[in-house]
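Q:
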Amino acid sequence: MIELHNVSKTYLMGDTEIRALDHITFSVEDGKFVAVRGKSGSGKSTLLHILGGLDTPDTGMVLIGGQDIAKMQEKELAIFRRQHIGFVFQFFNLLPELTLLENVLFPAKIDKTVPDDDYLDYILNALALEERLHHLPAQLSGGQMQRAAIARALVLKPEILLLDEPTGNLDEESAKDVIRMLTAIHKETGTTILLVTHDTEVAAAADFSVVIRDGVLSYE
Numbered sequence: 002m003i004e005l006h007n008v009s010k011t012y013l014m015g016d017t018e019i020r021a022l023d024h025i026t027f028s029v030e031d032g033k034f035v036a037v038r039g040k041s042g043s044g045k046s047t048l049l050h051i052l053g054g055l056d057t058p059d060t061g062m063v064l065i066g067g068q069d070i071a072k073m074q075e076k077e078l079a080i081f082r083r084q085h086i087g088f089v090f091q092f093f094n095l096l097p098e099l100t101l102l103e104n105v106l107f108p109a110k111i112d113k114t115v116p117d118d119d120y121l122d123y124i125l126n127a128l129a130l131e132e133r134l135h136h137l138p139a140q141l142s143g144g145q146m147q148r149a150a151i152a153r154a155l156v157l158k159p160e161i162l163l164l165d166e167p168t169g170n171l172d173e174e175s176a177k178d179v180i181r182m183l184t185a186i187h188k189e190t191g192t193t194i195l196l197v198t199h200d201t202e203v204a205a206a207a208d209f210s211v212v213i214r215d216g217v218l219s220y221e
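Under the working numbering, the first residue of the sequence shown carries the number 2, and numbering increases by one thereafter.
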């Protein structure tokens with residue numbers, strides 16, 4: 002279970018105070034697929050970063066499995082994040098000198114763990130990457146790089162997968178492929194998914210959507 006209680010976040014831009022999140026209370030049951038919609042600058046990426054422990058709120062609690070990650074020290078948070086949360090960014094962030102497979106396995110190398118071979122084979126096949134394992138990122142299409150980023154985020158079997166505009170840099174057909182494959186993986190694994198998007202068609206794949214406007218969250 003993910004729970005946010007009275008979460009706020011404010012940034013300073015020069016002398017101007019920008020309230021990215023305004024007293025948000027929000028919960029997601031385990032195994033749900035949730036889309037977070039909103040225009041650019043609405044606060045949706047800030048929400049995702051706080052849920053992923055990449056940023057901290059000014060006020061409020063961020064509970065994951067009953068643990069308040071907003072109160073964790075950085076070392077404890079880094080371990081928790083690595084073991085429980087997968088994060089996919091809009092810009093792929095693959096290491097250019099590593100092959101696709103090496104990029105996917107990189108979190109396991111950092112964690113000094115050996116991934117489940119059957120599970121690894123499943124996600125690579127589900128994401129249609131099995132024929133590109135030894136290619137470098139420069140040899141991959143945008144859709145293949147994004148699918149590799151998703152496989153990397155899933156390799157340690159996180160309970161939660163967070164995706165920040167995962168189709169934002171893809172053409173329409175590649176975007177549809179990514180969402181179709183992501184939906185199939187969700188149904189198979191039961192991973193809790195929160196996906197930030199401005200695209201209503203992408204959001205339609207989720208179990209339900211929430212909308213952020215000027216830092217205020219509402220349910221659809």
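Think of the CB as a built atom: it goes at the ideal place given N, C-alpha and C, for glycine as much as any other residue.
Over what stretch of residues does the alpha helix (DSSP H) that includes N126 continue unbroken?
A: D118 to A127
Q: Could you tell me whether the region 130-147 touches the region 165-175, where touching means 3 or more Cβ pairs closer than 8 angstroms?
A: When C-beta atoms of the region 130-147 are compared with those of the region 165-175, three or more pairs fall below 8 angstroms, so the two segments count as touching.
Q: With DSSP as the reference, label G61 as helix, strand or coil.
A: G61 sits in a strand when the DSSP states are folded into three classes.
Q: Given a cut-off of 8 angstroms, decide if L157 and T100 are closer than it, judged by their beta-carbon atoms.
A: T100 places its beta carbon 8 angstroms or farther from that of L157.
Q: Considering only the beta carbon of each residue, do I213 and G15 sit closer than 8 angstroms?
A: no
Q: Below 8 angstroms on the Cβ atoms is my contact criterion, and I expect A149 with A36 to pass it. Report the Cβ-Cβ distance as a whole number of Å.
A: Incorrect: roughly 22 angstroms between the Cβ atoms, too far for contact.
Q: Is the Cβ-Cβ distance between K10 and D69 less than 8 angstroms?
A: The answer is no: Cβ separation not under 8 angstroms.
Q: For P97, does the count of other Cβ atoms within 10 angstroms reach 16, so buried, or fall short, so exposed?
A: Result: exposed.
Q: Can you tell me whether R181 is buried or exposed, with buried defined as 16 or more other CB within 10 angstroms of its CB?
A: exposed
Q: Grab me the residues of R82's own chain with a C-beta within less than 6 angstroms of its C-beta, minus the 5 sequence neighbours each way, in chain order.
A: G54
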